[in-house]
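Written out below as structure tokens is the structure these notes cover.
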Amino acid sequence: MQAAESRSENLSRGRRLELSTHWQVDGPEDRRIIYTPVEFKISATRPAKWTELVPPLQSIQGLLSLAYEGLVVADGGRVTMDTDQPPMESPTWWTARLMRRPEGAQAPRSMTEIPSFDLGTIGGIAGLRRWIELTDKHPRATGPLVARHRYGLHNVETRLMEVAAAIEYWVSAHRRSAQWARRSLGKGSFAANLAARVGTPFADLVGDPMAWARRFWSTNNLLKHEPNSEYDAYEVSVLADTGAVLLQSALLNRVARTTNPAQVVCGSHRYDHLGRQVRGLLGA
Numbered sequence: 195m196q197a198a199e200s201r202s203e204n205l206s207r208g209r210r211l212e213l214s215t216h217w218q219v220d221g222p223e224d225r226r227i228i229y230t231p232v233e234f235k236i237s238a239t240r241p242a243k244w245t246e247l248v249p250p251l252q253s254i255q256g257l258l259s260l261a262y263e264g265l266v267v268a269d270g271g272r273v274t275m276d277t278d279q280p281p282m283e284s285p286t287w288w289t290a291r292l293m294r295r296p297e298g299a300q301a302p303r304s305m306t307e308i309p310s311f312d313l314g315t316i317g318g319i320a321g322l323r324r325w326i327e328l329t330d331k332h333p334r335a336t337g338p339l340v341a342r343h344r345y346g347l348h349n350v351e352t353r354l355m356e357v358a359a360a361i362e363y364w365v366s367a368h369r370r371s372a373q374w375a376r377r378s379l380g381k382g383s384f385a386a387n388l389a390a391r392v393g394t395p396f397a398d399l400v401g402d403p404m405a406w407a408r409r410f411w412s413t414n415n416l417l418k419h420e421p422n423s424e425y426d427a428y429e430v431s432v433l434a435d436t437g438a439v440l441l442q443s444a445l446l447n448r449v450a451r452t453t454n455p456a457q458v459v460c461g462s463h464r465y466d467h468l469g470r471q472v473r474g475l476l477g478a
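Numbered according to the numbering used here, the sequence shown spans residues 195 to 478.
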């Protein structure tokens, strides 16, 4: 058994991303355990503060948390100085932003359960680099998806409105450059535009994507503009979760430069129950 070869990609501002694996065996002789962690390394070609190297790692953590539906925390870290002297390496490095799970934030059900997507789904390490660039350029789109895992659950009303705002931002950001974002699709146009963009995978999940878009956006307007009106919290929760799946699919399609992520995410076993819920809600 041997570890796979490390892979790397250049990032902005003179930084570099490296992905590697290693393995070790632990435990008593009659119950040996093979430990195979994934290691992410961010380096700089010029002197840099360590705080400049953390954001790409946070972006990766957010992506892993989406895949496993819970905040994935690092179990260790180190800092290596590039000097002419013998390598200076700290024995340990600790940061709450990557290694502590805040109160209220949920852990993944299991790290051995199949995730909703993997590295190959998004195009390998090049897709990972593009995800880092995307979160750096469009935090208003990625932030609401990751925040649920990073900071804990919001109430369902806040979650739906945050997902709706992120969808509106993402569609609006492309209206000058992309025909799909300018199409007139009637009520709930922001959600409808994105649903049409993602296409068949999302349609298969919700049954009727245009009916879903109208329901999603009318609920968003109700929560924003008529706070004293009555609503069904279950319906809000289902709509918010499916909106998050839609946005996640669109963003992962962007970083993968294919439509494969939407097919994988919307077809994931993790969203089977959600699909039945939303199709039942819409009568689709």
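Where a beta carbon is used, it is the ideal one built from N, C-alpha and C, also for glycine.
Note that the coordinates shown come from a computational prediction; the quantities given were computed from them, not determined experimentally.
Check: Just how far apart, CA to CA, sit A397 and K243?; Outcome: 46 Å
Check: Compute the beta-carbon to beta-carbon distance between V432 and S443, rounded to the nearest angstrom, for a pair I have assumed lies under 8 Å.; Outcome: At roughly 17 Å, the Cβ-Cβ gap does not stay under 8 Å, so V432 and S443 are not in contact.
Check: Output yes or no for whether 8 Å exceeds the beta carbon distance between I236 and L213.; Outcome: no
Check: On the DSSP letters alone, give me the boundaries of the beta strand (DSSP E) that A238 sits inside.; Outcome: 232-238
Check: Does DSSP put S304 in a helix, a strand or coil?; Outcome: coil
Check: Kindly list the residues whose CB is nearer than 6 Å to the CB of G256, restricted to its own chain and excluding five residues on each side of it in sequence; keep chain order.; Outcome: V340
Check: Bridge partners for I227 per DSSP, in chain order?; Outcome: D220
Check: Under 8 Å between the Cβ atoms of F410 and A427?; Outcome: no
Check: At what residues does the alpha helix (DSSP H) containing T453 begin and finish?; Outcome: Unbroken run through T453: none, as it is neither H nor E.
Check: At what residues does the beta strand (DSSP E) containing E203 begin and finish?; Outcome: 201-204
Check: Within this structure, are the beta carbons of I326 and L205 separated by less than 8 Å?; Outcome: yes
Check: So what does E212 bridge to, in DSSP terms?; Outcome: S202, K235
Check: Who are the Cβ neighbours of I319 in its own chain at under 8 Å, not counting the five residues just before and after it?; Outcome: R201, S202, E203, L211, L213, L313
Check: Whose C-beta lies closer than 6 Å to the C-beta of M293 among residues of the same chain, with five residues either side of it excluded?; Outcome: V267, A268
Check: Evaluate the contact criterion for the segment 438-456 versus the segment 294-303: three or more CB pairs, one atom per stretch, below 8 Å.; Outcome: no
Check: If you scan the segment 373-442 from start to end, which runs of the alpha helix (DSSP H) of 4 or more residues do you find wholly inside it?; Outcome: 383-392, 394-400, 403-419
Check: Considering only C-alpha positions, which residue in the set E263, Q218, T315 is nearest to G346?; Outcome: E263
Check: Can you give me the Cβ contacts of A434 inside the same chain, cut-off strictly under 7 Å, excluding the 5 residues immediately before and after it?; Outcome: V350, R353, L354, V357
Check: Can you tell me where the alpha helix (DSSP H) with L328 in it begins and where it stops?; Outcome: 318-331
Check: Tell me, to the nearest whole angstrom, how far the beta carbon of V472 is from that of W406; I am working on the premise that it is less than 8 Å.; Outcome: 7 Å
Check: Classify A372: buried if its beta carbon has 16 or more other beta carbons within 10 angstroms, exposed otherwise.; Outcome: exposed
Check: Taking 7 Å as the limit between beta carbons, can you name the residues of its chain near T230, skipping five residues before and five after?; Outcome: T215, W217
Check: Considering only C-alpha positions, which residue in the set V439, T394, S383 is nearest to N415?; Outcome: S383
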